[in-house]
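**Student:** Dumping the structure here so I can ask a few things about it.
Protein chains in written order, with this note's numbering: chain A, 113 to 727; chain B, 113 to 727.
So this is what it looks like as structure tokens:
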């Protein structure tokens, strides 16, 4: 993008324009005071102010002092909670630290009277207990491990502010008291001294407003950093982290925060706020002056505005997932590329409605797939086959996967075959879930062909597909010719016999002949590309013809033609085709009429298909 | 569906199968005890057990005792909170009742020491204060109003269990104490006696498990009952109700509930639980035995299983909204239906890339529309026109609407025109937001034509569109004929002059003529249907021909042809067309060749379009 003109800079975006206005609106707010319980924190400039949004796909919008370093403080509590869960699992962690909001202030000791367990991991007592659960591993100390994991969240190597750490350690008498109280109740299973130093170091990790937004986006992205693609936390524990942030993240303002802002969040006395809109984005705010509850005063106001102005509240409108039913049609409206002799074609037209195609889209979860089950069961008495087309499906969660398998089972009990197509990206999960390979089709075309073949087998009998060579007069293109004309043409045309697998035509060849297929079958296939196998676009059987378009417009061949069943073709070359004008004008007229009819027929079919796709 | 066979009953659905298993799994659980603080409640059968899910579109899955009546009790608190918000607005309500979880049990008095305001509306003190805020209106008493509103949630007329009401009233000493305490702090502004009776009556409203699920679905559906379509609560306050349910809905188990189940919910000592997955569904559970915190013991277990098995946790995977970018292409890949003379067509092929079409889909909210802004700004230097196609867009929230308007403004400053098409359902909101009528197009076709015309105007000059009559030899179909043949045909063909607005062809007419347009222009339009105006599918100008397909295959006309600019057509009737075989075979061959070429050209174009739509 180095050639892009200046106006392309992101500052041009209405979103950055909005953020600049928001910064200006709240920059004058003088409420709150910089934390001074340790001398180092009191040095922060109260005018520092930054706002940053990081999207789930890693795009960053930032205004103000978004690159200025400050200490993470209590925001670290949310992230270390995830590490403890990974190290010990939910049951162990829950037994030692609750998840209930206490209604008390951030530095309250708040231990449950019976067990001594801290109410939740977002108060100091809970966070110290959690810190004690983080196991040193792989040659890393506890502190090194915490620093490495938080760095993964931020997508860069973070460091500890040693001055703040020392200051916290020297003045952390209350936290030491909490540590020993936790030891007393056996919440900590050994002496707290080391753990407390780890805890003080964890709080003194330096971050920027931008880091916080990216950390938030990492949580929004199921634990994977959207910029580095590194996994910062096991996705199985992301909902635990977000849940405690939702109920306990903003000290004794948490209830009102969820009510007004509606985002899982965590604040720190360093002046930072990290907020997450799950599945969508992360927000980082930096402004040191704190309100009575210990939250960044400007940060609260900015987040209230952001939530209202951008409709980010968890329970705002627009959170309904898109229905996964995209389109449905049946086998009388669409058909596979396999052209059938007209007697079979008629049978398919009459029975094609027994094939039901359901096109799905978006994210398949319980709520979006549930209506598909309803539709399929409603259609069941009228169908023999149900094809789920997954081309527009982006993700399938475990629940929807199970529902697909169960729907197949239920339909099978009702005598229906259910298959999926266009679901290559899900092949692995389908295999693990036990969906037979034979019920997975590369695309709708091959799935339709399978169903059509099955239908024809039932109606016509086992020999439905027997290919028999045809005489010239059975070729559609020659059907108006009389015996004399046929005999004459027979003498003039070339013959080409080709075994299975042979390429009759290569894409790019000059379009210089018309082929009448009198035995076997061939497939028209798009040229392969680096990322796609050659897609079938047509199948011809004996009695049909191909190659006429090149003869008419002189353009090179656009596709390959490959022999499926050993084929015999009669060939009308361009010189022969053109000489007919003067030599046999009557015959030429008959040929052109059939040709025009065929083109006209195919054009109507293609136009109908365009209309079907346009919906 | 009365003819549907028995196996179509919903019990066949894998979802009901699952719910039956879930019911069986937990039916044996003997934990907890039926509430007995008032004698009437103690009469409940501890074995009663029902599970019901109601989807946002009103489909009901139910197993067990889902039609058995019981009293709503504390679940009413969530719903009356919405009524108070409607009556007085957020600021007033928040000043009297907080939204902070107290960490205390359900019957704790929990008033804030400074103000006497109850911590939140889900504890008794808060609910009584909220009840006092509900204003009698329209001749309804407070109790009648509450009953009417809860009936709207349930979609049926609810009634009060008078025995339970009397029992509650006779034994409600603690609540009376709370009422007077609230009066003491001026949280209630008059004597509590009446309010308390309303409160006791509200708790004694009879509901079923099914009602609870539908009430939940109503909240999931932004306050509109999905069965009756009645508005039960102003959508502006739905997020407030869901927020307090999230943080305070399950007494002092609320934190752990959100952590484990992850759904806004409210329980009642009658044994009911109402849970909501916003935008998706409502859940109702009924099982009278209560655990230590006063929540239905089986209900908690069932909801934990439901949340895990169906991945319903608010922060589970699959909550990311689908990207709204569906497809993007430019005016060199697609073009309007307006056929252009070849000199203009060439110019459009060379410059069509300056028209950028962006197809959107799903729900437009901040996160889904934000990438569209990025794309549009990135494309800006290479384009003159941006068309946002809204055909697959389901909803546009206020934020996205504003962003659309701002993007148009930003692009306009960069010298680009931005327009929307296929957004008929949004016409009203666009108008209110100030989007000019002239920038809204009914469909992509007309939007493309507008851009093409603008491009041609810039390249060719103001006279680009001047229509000039053509001679017969300038008609593409006759371009191979020599002067003698043209003169002969001129004498044989009919002529038809038609003023603007005339129907040259009606859909259903026999296809018995081919038209050569020598002056003016015509539009091919699909027949109107009851719910759709006739859609334009083609435009022809002088020099072009139409109607050939009917002549070739004998099928009736599939569309209307309407004159746009006063037209002169030369007409080749079927008898003339057929007589050429013997009278002028050479001429016929030349005609058929051009005809085949044209059909072949259109077929290639149509096939390409099918390929573009298949992606």
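Glycine included, every Cβ here is placed at the ideal spot set by N, Cα and C.
Closest to residue 320 (chain B) by C-alpha separation, out of B:367, B:262 and B:290, would be which residue?
**Tutor:** By 1-based counting over the second chain, the position of residue 320 (chain B) is 208. Of the candidates B:367, B:262 and B:290, the one whose C-alpha sits nearest the C-alpha of residue 320 (chain B) is B:262.
**Student:** Would DSSP call residue 283 (chain B) helix, strand or coil?
**Tutor:** Position 171 of the second chain, counted from the start, is the residue given in the question as residue 283 (chain B). Helix, per DSSP.
**Student:** Anyone know if the C-beta pair for residue 206 (chain B) and residue 297 (chain B) falls short of 8 Å?
**Tutor:** Within the second chain, numbered from 1, the residue matching residue 206 (chain B) stands at position 94. Within the second chain, numbered from 1, the residue matching residue 297 (chain B) stands at position 185. Cβ atoms of residue 206 (chain B) and residue 297 (chain B): not closer than 8 Å.
**Student:** Using a Cβ-Cβ cut-off of less than 7 Å, list which residues of the segment 632-651 of chain B approach chain A; keep chain order.
**Tutor:** Of all residues in the segment 632-651 of chain B, none has a Cβ within less than 7 Å of some Cβ in chain A.
**Student:** To which residues of the same chain is residue 273 (chain B) closer than 7 Å at the C-beta, ignoring the five residues directly before and after it?
**Tutor:** Against the second chain, residue 273 (chain B) aligns to sequence position 161. Contacts found: 183, 316 and 318.
**Student:** Tell whether a beta-carbon distance below 8 Å holds between residue 718 (chain B) and residue 715 (chain A).
**Tutor:** On the second chain, position 606 is the one that residue 718 (chain B) refers to. On the first chain, position 603 is the one that residue 715 (chain A) refers to. A contact, by the Cβ cut-off of 8 Å.
**Student:** Please list the terminal residues of the continuous alpha helix (DSSP H) segment that includes residue 199 (chain B).
**Tutor:** The residue given as residue 199 (chain B) occupies position 87 in the second chain. Run containing residue 199 (chain B): 187-208, per the alpha helix (DSSP H) assignment.
**Student:** Whole angstroms are fine: how far does the CA of residue 423 (chain B) sit from the CA of residue 545 (chain A)?
**Tutor:** Residue mapping note: residue 545 (chain A) aligns to position 433 of the first chain, counting from 1. Residue mapping note: residue 423 (chain B) aligns to position 311 of the second chain, counting from 1. Straight-line Cα distance between these residues: approximately 17 Å.
**Student:** Which residues bound the beta strand (DSSP E) around residue 442 (chain B)?
**Tutor:** For the purposes of this step, residue 442 (chain B) is taken as residue 330 along the second chain, with counting starting at 1. Start and end: 437-442.
**Student:** Taking the C-alpha atoms as reference points, what is the distance between residue 141 (chain B) and residue 373 (chain B)?
**Tutor:** Position 29 of the second chain, counted from the first residue, corresponds to residue 141 (chain B). Position 261 of the second chain, counted from the first residue, corresponds to residue 373 (chain B). Residue 141 (chain B) and residue 373 (chain B): Cα-Cα distance of roughly 19 Å.
**Student:** Under 8 Å, Cβ to Cβ, is there at least one residue of chain B near residue 709 (chain A)?
**Tutor:** The residue you call residue 709 (chain A) lines up with position 597 of the first chain. Output row for residue 709 (chain A): interface = yes.
**Student:** Rounded to whole angstroms, what is the Cα-Cα separation between residue 122 (chain B) and residue 485 (chain A)?
**Tutor:** As a position in the second chain, residue 122 (chain B) is number 10, starting the count at 1. As a position in the first chain, residue 485 (chain A) is number 373, starting the count at 1. Residue placement at residue 122 (chain B) is flagged as unreliable, the pLDDT there being 48, under the threshold of 50; the coordinate-derived value follows with that caveat. So the alpha carbons of these two residues sit roughly 10 Å apart.
**Student:** Please specify which runs of the alpha helix (DSSP H), each continuous and at least 4 residues long, are wholly inside the segment 663-726 of chain B, giving them in chain order.
**Tutor:** Listed in chain order, they are 686-695 and 697-726.
**Student:** Might you give, ordered along the chain, the residues of its own chain that have their beta carbon closer than 6 Å to the beta carbon of residue 710 (chain A), omitting 5 neighbours on each side?
**Tutor:** Here residue 710 (chain A) refers to the residue found at position 598 of the first chain. Here the set comprises nothing.
**Student:** Could you tell me which chain B residues have their CB closer than 7 Å to the CB of residue 519 (chain A), listed as they occur along the chain?
**Tutor:** Counted from its first residue, the first chain places residue 519 (chain A) at position 407. What residue 519 (chain A) touches in chain B: 126.
**Student:** Quick one: list the residues of chain A neighbouring residue 515 (chain B), beta-carbon separation under 8 Å, in chain order.
**Tutor:** The residue you call residue 515 (chain B) lines up with position 403 of the second chain. What residue 515 (chain B) touches in chain A: 126 and 127.
**Student:** To test your reading of the DSSP string, which unbroken beta strand (DSSP E) runs of 3 or more residues are found completely within the segment 515-566 of chain B?
**Tutor:** Runs found: 529-533.
**Student:** For the structure I just gave you, are there three or more beta carbon pairs, one from the segment 351-367 of chain B and one from the segment 276-287 of chain B, closer than 8 Å?
**Tutor:** Contact fails: fewer than three Cβ-Cβ distances are below 8 Å.
**Student:** Quick check: what's the CA-CA separation for residue 247 (chain A) versus residue 196 (chain A)?
**Tutor:** Numbered from 1 along the first chain, position 135 holds the residue referred to as residue 247 (chain A). Numbered from 1 along the first chain, position 84 holds the residue referred to as residue 196 (chain A). If you take the alpha carbons of residue 247 (chain A) and residue 196 (chain A), they lie about 8 Å apart.
**Student:** Any idea if residue 632 (chain B) is buried or exposed, counting beta-carbon neighbours within 10 angstroms, 16 or more meaning buried?
**Tutor:** Translated into positions along the second chain, residue 632 (chain B) becomes position 520. Buried, since its Cβ has 16 or more Cβ neighbours within 10 Å.
**Student:** Restricting to Cα atoms, I'd like to know which of A:663, A:191 and A:180 is closest to residue 311 (chain A).
**Tutor:** Working through the first chain from its first residue, we reach residue 311 (chain A) at position 199. Nearest option by C-alpha distance: A:191.
**Student:** Taking only beta carbons into account, state which residues of the segment 413-429 of chain A come closer than 8 Å to chain B, listed in chain order.
**Tutor:** Hits within the stretch, in order: 421, 422, 423, 424, 425, 426, 427, 428 and 429.
**Student:** Tell me the DSSP secondary structure of residue 265 (chain B) in three-state form.
**Tutor:** Stepping through the second chain from its first residue, residue 265 (chain B) is reached at position 153. Helix at residue 265 (chain B).
**Student:** If you reduce the DSSP assignment to three classes, tell me which class residue 471 (chain B) lands in.
**Tutor:** Taking the first residue of the second chain as 1, we reach residue 471 (chain B) at position 359. Strand, per DSSP.
**Student:** Do residue 294 (chain A) and residue 344 (chain A) have their C-beta atoms within less than 8 Å of each other?
**Tutor:** Translated into the one-based positions of the first chain, residue 294 (chain A) becomes position 182. Translated into the one-based positions of the first chain, residue 344 (chain A) becomes position 232. Against a cut-off of 8 Å, the Cβ pair of residue 344 (chain A) and residue 294 (chain A) comes out as no contact.
**Student:** Establish whether the CB of residue 713 (chain B) and some CB of chain A are separated by less than 8 Å.
**Tutor:** By one-based count along the second chain, residue 713 (chain B) stands at place 601. Yes - at least one Cβ of chain A is within 8 Å of the one on residue 713 (chain B).
**Student:** What residues in the segment 338-365 of chain B bring their beta carbon closer than 9 Å to a beta carbon of chain A?
**Tutor:** Within the segment 338-365 of chain B, the residues whose Cβ lies closer than 9 Å to some Cβ of chain A are 347, 350, 351, 352, 353, 354, 355, 356, 358, 359, 360, 364 and 365, listed in chain order.
**Student:** Using the Cα positions of residue 113 (chain A) and residue 493 (chain B), report the straight-line distance between them to the nearest angstrom.
**Tutor:** Taking the first residue of the first chain as 1, we reach residue 113 (chain A) at position 1. Taking the first residue of the second chain as 1, we reach residue 493 (chain B) at position 381. Low confidence applies to residue 113 (chain A): its pLDDT is 30, below 50, so where it sits in the model is not reliable, and the reading given next is rough at best. So the two alpha carbons sit approximately 12 Å from each other.
**Student:** Is it true that the CB of residue 657 (chain A) sits closer than 8 Å to the CB of residue 615 (chain A)?
**Tutor:** One-based indexing of the first chain puts residue 615 (chain A) at position 503. One-based indexing of the first chain puts residue 657 (chain A) at position 545. No, the pair does not count as a contact, with Cβ atoms beyond the cut-off.
**Student:** In terms of DSSP beta bridges, what is residue 183 (chain A) paired with?
**Tutor:** Your numbering for residue 183 (chain A) matches position 71 in the first chain. The partner list for residue 183 (chain A) (beta bridge, DSSP) reads A:318.
**Student:** Using alpha carbons as the reference points, say which of B:341, B:128 and B:250 lies closest to residue 170 (chain B).
**Tutor:** As a position in the second chain, residue 170 (chain B) is number 58, starting the count at 1. Measuring from the Cα of residue 170 (chain B), the nearest candidate turns out to be B:341.
**Student:** State the DSSP-derived secondary structure class of residue 114 (chain B), mapped to helix, strand or coil.
**Tutor:** Residue 114 (chain B) sits at position 2 when you count from the first residue of the second chain. With a pLDDT of only 35 at residue 114 (chain B), under 50, the local geometry of the prediction cannot be trusted, and the value read off the model is given with reservation. Residue state, collapsed to three classes: coil.
**Student:** Does the count of Cβ pairs from the segment 657-667 of chain B and the segment 462-478 of chain B closer than 8 Å reach three?
**Tutor:** Because the criterion of three Cβ pairs below 8 Å is not met, the segment 657-667 of chain B and the segment 462-478 of chain B do not touch.
**Student:** May I have a chain-ordered list of the alpha helix (DSSP H) segments no shorter than 4 residues that lie completely inside the segment 302-380 of chain B?
**Tutor:** Listed in chain order, the complete alpha helix (DSSP H) runs (minimum 4 residues) inside the segment 302-380 of chain B are 305-315, 321-332, 350-360 and 366-372.
**Student:** What three-state label does DSSP hand residue 501 (chain B) in the structure shown?
**Tutor:** The residue given as residue 501 (chain B) occupies position 389 in the second chain. It is a strand residue.
**Student:** Could you tell me the distance, in whole angstroms, from the CA atom of residue 120 (chain A) to the CA atom of residue 174 (chain B)?
**Tutor:** In the first chain, counting from the first residue as 1, residue 120 (chain A) sits at position 8. In the second chain, counting from the first residue as 1, residue 174 (chain B) sits at position 62. Per-residue confidence for residue 120 (chain A) stands at a pLDDT of 38, beneath the threshold of 50, marking its modelled position as unreliable; no derived number is given.
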